[in-house]
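Read the structure below first, then the notes.
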Amino acid sequence: MAGLYFEQFHVGQIFDHAIRRTLTEADNVFFTALTHNPAALHLDEEYCREHTEFGQRIVNSAFTLGLIVGISVGDTTLGTTVANLGWDEVRFPAPVFHGDTLRVQSEVLTLRESRSRPSQGIVVFAHRGYNQRGTLVATCKRSALMLKTPA
Numbered sequence: 001m002a003g004l005y006f007e008q009f010h011v012g013q014i015f016d017h018a019i020r021r022t023l024t025e026a027d028n029v030f031f032t033a034l035t036h037n038p039a040a041l042h043l044d045e046e047y048c049r050e051h052t053e054f055g056q057r058i059v060n061s062a063f064t065l066g067l068i069v070g071i072s073v074g075d076t077t078l079g080t081t082v083a084n085l086g087w088d089e090v091r092f093p094a095p096v097f098h099g100d101t102l103r104v105q106s107e108v109l110t111l112r113e114s115r116s117r118p119s120q121g122i123v124v125f126a127h128r129g130y131n132q133r134g135t136l137v138a139t140c141k142r143s144a145l146m147l148k149t150p151a
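First residue of the sequence shown? That's 1 in the UniProt record's numbering, and the numbers climb one at a time after it.
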């Protein structure tokens, strides 16, 4: 199991995740269609060329969020998480375009033992996604309910 148990995390711990992902037009169109999001910003190249400041389609932000969290799982929570408790302070400071390659860094912000579940604890992560130019394109805080090391 690749994930870490609650006791294996420490505040300030940084993970520079090795997995990187180039986002394709297919990723964006499939995700946008699957989630029934009809926004022209994701689907209509001609509209974007004529009516947006970007001049091209942008990648669906919900896909970007899911990707930056997903990339973090193998190094942090795979097999040791009980549940995601929530995402806070989700931000997209710069657009993501087809062909951008994202890398992710995660940081442990806080740790606390669960008051109601003695075999578990809560870890709050900050996830940051960067494109190939090093531009910050997505951030979020994620609260995860984590298993403690089995006795």
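By construction, the Cβ of each residue, glycine as well, lies at the ideal position given by its N, Cα and C atoms.
Where residue i falls, given that 16 or more other Cβ within 10 Å makes a residue buried
{"i": "T22", "result": "exposed"}
{"i": "H127", "result": "buried"}
{"i": "D100", "result": "buried"}
{"i": "I14", "result": "exposed"}
{"i": "P95", "result": "buried"}
{"i": "G70", "result": "exposed"}
{"i": "S61", "result": "buried"}
{"i": "R133", "result": "exposed"}
{"i": "G121", "result": "buried"}
{"i": "G129", "result": "buried"}
{"i": "L147", "result": "buried"}
Assigned secondary structure, residue i (DSSP; H/G/I helix, E/B strand, else coil)
{"i": "C9", "result": "Strictly speaking, residue 9 in this sequence is Phe, with Cys absent from that position. Here F9 sits in coil by DSSP."}
{"i": "Q120", "result": "strand"}
{"i": "T139", "result": "strand"}
{"i": "L147", "result": "strand"}
{"i": "G129", "result": "strand"}
Pairwise C-alpha distance: residue j and residue i
{"i": "V82", "j": "H10", "result": "18 Å"}
{"i": "C48", "j": "L41", "result": "6 Å"}
{"i": "A118", "j": "E7", "result": "Just to set this straight, residue 118 is Pro in the shown sequence, not Ala. Each residue's alpha carbon lies about 13 Å from the other."}
{"i": "N28", "j": "V59", "result": "6 Å"}
{"i": "Y5", "j": "E46", "result": "49 Å"}
{"i": "L67", "j": "H36", "result": "18 Å"}
{"i": "V104", "j": "A39", "result": "26 Å"}
{"i": "L65", "j": "A138", "result": "7 Å"}
{"i": "S114", "j": "L145", "result": "8 Å"}
{"i": "T80", "j": "C140", "result": "20 Å"}
{"i": "V108", "j": "T76", "result": "10 Å"}
{"i": "A33", "j": "A151", "result": "46 Å"}
{"i": "L102", "j": "S116", "result": "37 Å"}
CB contact below 8 Å: residue i versus chain C
{"i": "T77", "result": "Protein chain content of the structure displayed is limited to a single chain, and chain C is not contained in it."}
Let me know the alpha helix (DSSP H) ranges lying completely inside the UniProt domain "MaoC-like" (11-115), each 4 residues or longer, listed in chain order. Taken in chain order, the whole alpha helix (DSSP H) runs of length 4 or more contained in the UniProt domain "MaoC-like" (11-115) are 25-34, 40-43, 45-51 and 61-76.
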